[in-house]
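Here is the structure we will look at, set down as structure tokens.
2 protein chains.
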Amino acid sequence: MVKFLNLFASALIFSFFFSCSGGENNASSDAKKVNIAKGAISLSDAEMEEAKDIYFNTCAGCHGTTRKGATGPSLLPDGDGKWPATKDLGTEAIKVFINNGTPGGMPDWGKQGLLNEHQIDLVAKFVQLPVPAIPDYNLEDMKKAWKINIPVADRPTKPDHDRNWQNYFGVILRDAGQVAIIDGDTKETVSIVETGFAVHILRSSATGRYFYSIGRDGKVTLIDLWMEKPTVVAEAKASFDARSVDVSKYKGYEDKYIIVGGYTPAHFVIFDALTLEPLKIVRTGGYDVNNGEYLDEARVAAIVASHKDPLWVVNIKETGQVWLVDYSNIESLKITTIDAEQFLHDGGWDHTGRYFLVAANAKNRMVVIDVDEQKLESIIDVGTKPHPGRGANIKSKTYGHMWVTGHIGEGTLACIGTDPGPNRWKVVKSITLPGSGGGNLFVKSHPKSKHLWVDRALSNDIKLQRSVFVYDTETLELVKTFEAPDKYTGRVVHMEYNKAGDEVWVSVWGKKDETTSALLIYDDKTLELKHEITGDWLVTPTGKFNAYNTMHDIY
Amino acid sequence: MVKFLNLFASALIFSFFFSCSGGENNASSDAKKVNIAKGAISLSDAEMEEAKDIYFNTCAGCHGTTRKGATGPSLLPDGDGKWPATKDLGTEAIKVFINNGTPGGMPDWGKQGLLNEHQIDLVAKFVQLPVPAIPDYNLEDMKKAWKINIPVADRPTKPDHDRNWQNYFGVILRDAGQVAIIDGDTKETVSIVETGFAVHILRSSATGRYFYSIGRDGKVTLIDLWMEKPTVVAEAKASFDARSVDVSKYKGYEDKYIIVGGYTPAHFVIFDALTLEPLKIVRTGGYDVNNGEYLDEARVAAIVASHKDPLWVVNIKETGQVWLVDYSNIESLKITTIDAEQFLHDGGWDHTGRYFLVAANAKNRMVVIDVDEQKLESIIDVGTKPHPGRGANIKSKTYGHMWVTGHIGEGTLACIGTDPGPNRWKVVKSITLPGSGGGNLFVKSHPKSKHLWVDRALSNDIKLQRSVFVYDTETLELVKTFEAPDKYTGRVVHMEYNKAGDEVWVSVWGKKDETTSALLIYDDKTLELKHEITGDWLVTPTGKFNAYNTMHDIY
Chain A
6 MVKFLNLFAS ALIFSFFFSC SGGENNASSD AKKVNIAKGA ISLSDAEMEE
56 AKDIYFNTCA GCHGTTRKGA TGPSLLPDGD GKWPATKDLG TEAIKVFINN
106 GTPGGMPDWG KQGLLNEHQI DLVAKFVQLP VPAIPDYNLE DMKKAWKINI
156 PVADRPTKPD HDRNWQNYFG VILRDAGQVA IIDGDTKETV SIVETGFAVH
206 ILRSSATGRY FYSIGRDGKV TLIDLWMEKP TVVAEAKASF DARSVDVSKY
256 KGYEDKYIIV GGYTPAHFVI FDALTLEPLK IVRTGGYDVN NGEYLDEARV
306 AAIVASHKDP LWVVNIKETG QVWLVDYSNI ESLKITTIDA EQFLHDGGWD
356 HTGRYFLVAA NAKNRMVVID VDEQKLESII DVGTKPHPGR GANIKSKTYG
406 HMWVTGHIGE GTLACIGTDP GPNRWKVVKS ITLPGSGGGN LFVKSHPKSK
456 HLWVDRALSN DIKLQRSVFV YDTETLELVK TFEAPDKYTG RVVHMEYNKA
506 GDEVWVSVWG KKDETTSALL IYDDKTLELK HEITGDWLVT PTGKFNAYNT
556 MHDIY
Chain B
6 MVKFLNLFAS ALIFSFFFSC SGGENNASSD AKKVNIAKGA ISLSDAEMEE
56 AKDIYFNTCA GCHGTTRKGA TGPSLLPDGD GKWPATKDLG TEAIKVFINN
106 GTPGGMPDWG KQGLLNEHQI DLVAKFVQLP VPAIPDYNLE DMKKAWKINI
156 PVADRPTKPD HDRNWQNYFG VILRDAGQVA IIDGDTKETV SIVETGFAVH
206 ILRSSATGRY FYSIGRDGKV TLIDLWMEKP TVVAEAKASF DARSVDVSKY
256 KGYEDKYIIV GGYTPAHFVI FDALTLEPLK IVRTGGYDVN NGEYLDEARV
306 AAIVASHKDP LWVVNIKETG QVWLVDYSNI ESLKITTIDA EQFLHDGGWD
356 HTGRYFLVAA NAKNRMVVID VDEQKLESII DVGTKPHPGR GANIKSKTYG
406 HMWVTGHIGE GTLACIGTDP GPNRWKVVKS ITLPGSGGGN LFVKSHPKSK
456 HLWVDRALSN DIKLQRSVFV YDTETLELVK TFEAPDKYTG RVVHMEYNKA
506 GDEVWVSVWG KKDETTSALL IYDDKTLELK HEITGDWLVT PTGKFNAYNT
556 MHDIY
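Read top to bottom, the protein sequences are chains A and B.
Under this note's numbering, the first residue of the first sequence carries the number 6, and numbering increases by one thereafter.
Under this note's numbering, the first residue of the second sequence carries the number 6, and numbering increases by one thereafter.
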């Protein structure tokens, strides 16, 4: 399992992890069926549909929708000259891989009970058959899927309520396909809205008044926080699979456009920010920066909007390019394509908002983009499989300003100097986390806080995966370790501050069909648990987004 | 034939026409073979290779390499919902089309003797079979194909001769796969160099010292005019099929990079301008501006370098986008993608060098790009199938500065006002050419000349296709008509001025295996024929490029 953690491709680890609780538990670890003769594989239409779904949700992240391989090997019937032909491996061997995983990083889907015997059999056959064509998803399709539930003219012109909406939290209820809007002052649930499947993130509009959610199914929803009961005022679909959304934030363009990054097809789409009318698509296929190979499946990972320029920073996973998309004239879209490193995933701004740091997780590196100068600033070696989320900006007494990422693959935090001078773009401090293995998914701090919060959600150690570690940002010493109370089940994942920066919200992510999930709210000064949010409706809570902090990119 | 001229897709007309003399003449117009049962089509490996070659050289221009259609309809075994399935049409019907052409614009390949019965049979079967995959052609392949014949250090540091090399002409000897370098002062042939197949154009380096040729086979050659006997000092290959090349011309970047536009694969490639080392590839696939359909086959038509900015203007045929590629940092390539019109082909600068006018030949329009402001300036309706080449900048007494294009599909010249004021971006004058039909391929003038030269190379009238018409630029009156002397056979095509702007060179383009081609050199003042260049070596002369005029984009 250590090897798994060290080597497991993190391209989709977030999604993989977030899908853990959705699996079935009746798998047998060793399939005993008679092997199917080579060439005799077939699936009925119904089986094919089921197999495609399983592959898409379980395997595509690492092996690619077109099965050409990404962080995992290719899975092609006739091989690709590098990895063996799946037809030569045969069903039984492939089932063993799916059941047991591999030391190279493949999870043990069967043993973990995430796929059952029937599902494993289907997908083992599926990967020996020709790759189904990926249908196009174009502007016409998007226009058909687009819905305005409440026209702009019918929306409130000022808040319909007296709540402190800038301190609202949007909480992803992953397996319910919902987002809960919770009042951060009163801790009351103001609304639960229907969103896309397995929402990946929320982003705030430039004004903070709207939340945008993006589902793994490519569905975007626009949630209006000025309504007494926030609801989805418009919805659209950008692709079959997506991870990222952001809004235009530059002066004069506030809430004019949003951009959504697609995995399948690999493209980005610009929508009207207030109506979600689809306006423009740009494909992201290209040549990868390391091998110069053409990749049609060049998926869009994190996207962030600059506050200083009319730019979005668009990270292209497979090619390793960062695209700066200038939205000041979308009929003459200006795109700066910066060669960086593979495979780009997620990241955040340094404390000045000039530099964007993004993980190249296949290379164990962080890439620094100078967004003002529109160029590559630095590439920094960090630990195994960095997974920063947005990272955390802290200031230590010894090293000054630092931007911090944890790692999935090892138990360290890399603290990167961001002040000008000799410390800049160096790992000036590596903090070793308690216990063995890696498994960190998120770190979090706040400019008004002296604390850095660290989860271990992907640890293989049950105690660690239910723990949160709090460090002093000035001394970098561990000051407290929390464990989730026993009455709540599941892993502890993802932290978010309230608007004032004096409270930290943490998810305990239980199973879909159990009511033992919770949001734990800690006082950031006293480090005491001050509030617990629970309820039937709190289904598989994962990411949480404070409206004000998300609007201003405070982390 | 008029209909053919009116409607024939000009996407590849230049190449089509230039391939006329290479065809075989033993076709029978009516194939009598027994029809092949539907579904029973097959080709041997050798036949398949031959069919692919025929398709590529004859059909791909209009129907697309992937047979999805472009200016011509799609040719897919199962159809595309818009055009019929080729399998349903069957071999005999398809052969009739290829033999006789169609009123919609398809040439009568058989009747014209450009394809023989065997070739027609092969290609009729080929288009009913699945589309062969287009292999990738990446940086690694390009590095293998790259050759430096004479390293930069071994090249002359000043001209090795006393000739007036800025008045050299590079003359394309199309079917010989050669370029002749001719001294414009003495009319002596200085050198004949081996180039790619069917060179499409030459461009001059920023210094004028080098010629770059681009072959239809994607081969780029670098020819050094400072050598006593100019030779190919470096060569490279950018794709399987290409049409365009230009160099970096902006101050500080002179002769640093070249860009080559590929048809198949559809991409552009940046090379080191002095060594031809391949540096970077960018794919051009995208969504077309009219229907929003994703087109992987988005071929690169004309490319020109700005003299005022570090920009190349890259015209993407199928999507109808103009890309402005900023080469000031090729690791952070900045591309402005301007939505314009389908299908973009060729064009030239206005008299100020600020505006680039490019033909959208499927829409009978000219697109004007403001390259300073990096935006679409205007779209102008002109006649049927404009084919400007670089166009011609002239100044009339009545209308001031105008940029002129002719048309393949009709016998008019569209004179577009380019001065600020009410005439700007309007067809202020349409000149009707003598005789019936269109068939104009090129127009040419020079700032020091009062004449505008016009060919009719694609006319179906033998007299017209061997004629050149000269207009007075101030009065727009026809002042002289030349016909090629009888001793020279073939069509008359393409004009080029000498450096001084007082001489015009015209090609008489005979057949490959005959020695009756000629370059006719006219005095631009007296309009008298002053010199004739002939010889065994003068095989199928087409385009001619004066070093000085090409370097400075004088037309």
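Idealized CB from N, CA, C, for every residue including glycine.
Quantities reported herein were computed from a predicted structural model and do not represent experimental measurements.
Best match in the options for proximity to residue i [C-alpha to C-alpha]
i      : options                           : result
B:R179 : B:V265, B:K549 and B:T545         : B:T545
B:Y332 : B:R461, B:V204 and B:K254         : B:K254
B:T480 : B:G495, B:E501, B:I467 and B:I436 : B:I436
A:K87  : A:T96, A:G77 and A:G95            : A:G77
B:G440 : B:D529, B:I467 and B:P156         : B:I467
A:R221 : A:K431, A:T63, A:E52 and A:A523   : A:T63
A:A573 : A:G506, A:V237, A:N428 and A:D460 : Missing from the structure shown is residue 573 of chain A; chain A here goes from 6 to 560 and no further.
A:T389 : A:W430, A:V373, A:D375 and A:N369 : A:N369
B:T417 : B:V387, B:W430 and B:G394         : B:V387
A:I538 : A:G548, A:T547, A:S522 and A:W317 : A:S522
A:I99  : A:D85, A:K130 and A:A75           : A:K130
A:V330 : A:K242, A:V252, A:T91 and A:E482  : A:V252
Span of the alpha helix (DSSP H) around residue i
i      : result
B:H123 : E122 to F131
A:D146 : L144 to A150
B:N428 : No alpha helix (DSSP H) contains B:N428, which DSSP labels as neither H nor E.
B:Y553 : A552 to H557
A:T183 : Looking at the sequence shown, residue 183 of chain A is not Thr but Gln. Segment Q183 to D188 is the beta strand (DSSP E) holding A:Q183; no alpha helix (DSSP H) there.
A:T71  : Looking at the DSSP string, A:T71 is not in any alpha helix (DSSP H), and its letter there is neither H nor E.
A:M53  : D50 to I59
B:G562 : No answer is possible for residue 562 of chain B: the residues shown for chain B start at 6 and end at 560.
Run of the beta strand (DSSP E) containing residue i, from where it starts to where it stops
i      : result
A:T410 : G405 to T410
B:G175 : Y173 to L178
B:C420 : T417 to G422
Local Cβ density within 10 Å of residue i, reported as buried at 16 or more and exposed below that
i      : result
B:L364 : The residue asked about is misnamed: residue 364 of chain B is Ala in this sequence, not Leu. Buried is the call here.
B:L532 : exposed
B:H456 : buried
A:E501 : buried
B:N296 : exposed
B:G290 : buried
A:D301 : buried
A:L534 : exposed
B:A158 : exposed
A:G540 : exposed
A:N551 : buried
A:T212 : exposed
B:D518 : exposed
A:S210 : buried
B:P156 : exposed
The segment 296-327 of chain B: positions lying closer than 7 Å to chain A by Cβ: Residues of the segment 296-327 of chain B whose Cβ lies closer than 7 Å to any Cβ of chain A, in chain order: G297, E298 and Y299.
Near-chain A residues of the segment 338-349 of chain B - C-beta to any C-beta below 8 Å: Within the segment 338-349 of chain B, the residues whose Cβ lies closer than 8 Å to some Cβ of chain A are L338, K339, I340, T341, T342, I343 and D344, listed in chain order.
Under 7 Å (Cβ pairs) to chain A, residues found in the segment 351-383 of chain B: Against chain A - using a Cβ distance shorter than 7 Å - the residues of the segment 351-383 of chain B are Q379, K380 and L381.
Cβ pair count under 8 Å reaching 3, the segment 312-332 of chain A against the segment 349-366 of chain A: Judged by Cβ distances under 8 Å, the segment 312-332 of chain A makes contact with the segment 349-366 of chain A, as three or more pairs qualify.
The segment 154-172 of chain B / the segment 479-498 of chain B touching (three or more Cβ pairs under 8 Å): In short, these stretches do not touch, since the Cβ pair count stays below three.
Inter-stretch contact (C-beta, 8 Å, three-pair minimum) for the segment 273-287 of chain A and the segment 181-199 of chain A: Proximity of the segment 273-287 of chain A to the segment 181-199 of chain A falls short of the contact definition, fewer than three beta-carbon pairs being nearer than 8 Å.
Chain B contacts from the segment 140-159 of chain A (Cβ-Cβ distance under 7 Å): Listed by position, the residues of the segment 140-159 of chain A near chain B (Cβ gap below 7 Å) are D141, N143, L144 and E145.
Chain-ordered residues of the segment 450-480 of chain A with a beta carbon less than 9 Å from chain B: Listed by position along the chain: nothing, the set is empty.
Touch test, the segment 422-430 of chain B against the segment 399-410 of chain B, Cβ-Cβ under 8 Å, three pairs minimum: By the Cβ rule, the segment 422-430 of chain B counts as touching the segment 399-410 of chain B, because three or more pairs are nearer than 8 Å.
Contact between the segment 512-526 of chain A and the segment 127-143 of chain A (3+ Cβ pairs under 8 Å): The answer is no - the segment 127-143 of chain A does not touch the segment 512-526 of chain A, with fewer than three Cβ pairs under 8 Å.
Residues within the segment 415-433 of chain A neighbouring chain B, beta-carbon criterion of under 7 Å: Within the segment 415-433 of chain A, no residue has a Cβ that lies closer than 7 Å to any Cβ of chain B.
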